[in-house]
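> If you read the sequence shown in the working numbering, its first letter stands for residue 42, the second for the next number, and so on.
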Amino acid sequence: MDMGIAGRKALVCGASAGLGYACAEALVAEGVDVLIVARTEGPLQEAAASAST
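Structure representation (structure tokens):
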């Protein structure tokens, strides 16, 4: 699905799991530069590692 947002930037809060993680993955798939944040660093690091593979 091409939403025409490639090259844009996005901040996704709560991105270590669930809906936030799914939104971040969808945005990355569209070519968006995504910054992810969450309350706890451990799960966020895991999410970032799995999203970059």
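Using N, Cα and C, we set each Cβ at its ideal position, and we do this for glycine too.
Nothing here was measured: the structure is a model prediction, and the numbers come from that model.
At the level of alpha carbons, what is the spacing between Gln-86 and Gly-59?
Taking the straight line joining both Cα atoms gives about 15 Å.
> Between which two residues does the alpha helix (DSSP H) carrying Ala-65 extend?
Residues 59-70.
> Should Val-53 go down as buried or exposed, given a rule of 16 or more other Cβ atoms within 10 Å for buried?
Val-53 is buried by the Cβ-count criterion.
> Looking at the unbroken alpha helix (DSSP H) that takes in Ala-92, where does it start and where does it end?
Its alpha helix (DSSP H) spans residues 82-92.
> Measure the alpha-carbon distance for Ser-91 versus Ala-79 and round it to whole angstroms.
About 15 Å.
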